[in-house]
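This report refers to the structure that appears directly beneath it.
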Amino acid sequence: MHKILIIIRREYLTRVRKKSFLIMTLLGPILMASVYVLPIYLTTLSDEVKVVQVLDEAGAFVDQFRNTPDFIFTPVEKSFEQAKQDFAVSGDYGLLYIPKTELSVPVTGIFYSTQQPSADITTHIKIVMKREVESLKL
0 MHKILIIIRR EYLTRVRKKS FLIMTLLGPI LMASVYVLPI YLTTLSDEVK
50 VVQVLDEAGA FVDQFRNTPD FIFTPVEKSF EQAKQDFAVS GDYGLLYIPK
100 TELSVPVTGI FYSTQQPSAD ITTHIKIVMK REVESLKL
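Residue 82 in numbering that gives the first Met the number 0 sits at position 83 of the sequence shown; the count goes up by one each step and never skips.
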């Protein structure tokens, strides 16, 4: 039994003393963290201001969307079909359509965009809509 422990100890120490083991022990967690953090950082890195058209048939949310340094919200007073056609040729970032619903029914907004919407805009829209629904229910 004593000889087996000596062999295990020797094999372990030969592996641990290698430079590659030490480097990967330190760099491995950093590399794994960068795989998750880097894409999130790159998606939030944008200098352009994005214009979002807001078509609110319910009439409760238009005034709640305030302009931010990253997004400009412009209200639209057209039919849904006309707003979609105008959005297609406008070159704006997105069209937020909020259908007319009752207060007891959960409000859902539909976001149309020519590209993949960023996490910033979807989060901002959800927060504003949730806050307004909660204030209306009170």
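Beta carbons are placed, not taken as given, at the ideal position from N, Cα and C, and that holds for glycine.
As the structure is a prediction and not an experimental result, all values here were calculated from the model.
From the DSSP output, which residues share a beta bridge with residue i?
i: K49; result: F70
i: L94; result: Q52 and Y111
Could you check what DSSP says for residue i in three-state terms: helix, strand or coil?
i: G27; result: helix
i: D55; result: strand
i: L44; result: coil
i: F60; result: coil
i: S134; result: helix
i: E76; result: coil
i: S117; result: coil
i: M0; result: coil
i: K129; result: helix
i: T100; result: coil
i: V65; result: According to the sequence as given, residue 65 is Arg; it is not Val. DSSP places R65 in coil when its eight states are reduced to three.
So, using beta-carbon positions, are residue i and residue j closer together than 8 Å?
i: K49; j: D69; result: yes
i: I109; j: Y92; result: no
i: E133; j: F60; result: no
i: K83; j: Y111; result: yes
Within 10 angstroms of its Cβ, does residue i collect 16 or more other Cβ (buried), or is it exposed?
i: L41; result: exposed
i: M31; result: exposed
i: V51; result: buried
i: I144; result: What is shown of the chain runs 0 to 137, which leaves residue 144 out entirely.
i: M23; result: exposed
i: L94; result: buried
i: I120; result: buried
i: F86; result: buried
Could you tell me how far apart the beta carbons of residue i and residue j are, in whole angstroms, since I believe they sit closer than 8 Å?
i: L54; j: V75; result: 5 Å
i: F64; j: F72; result: 4 Å
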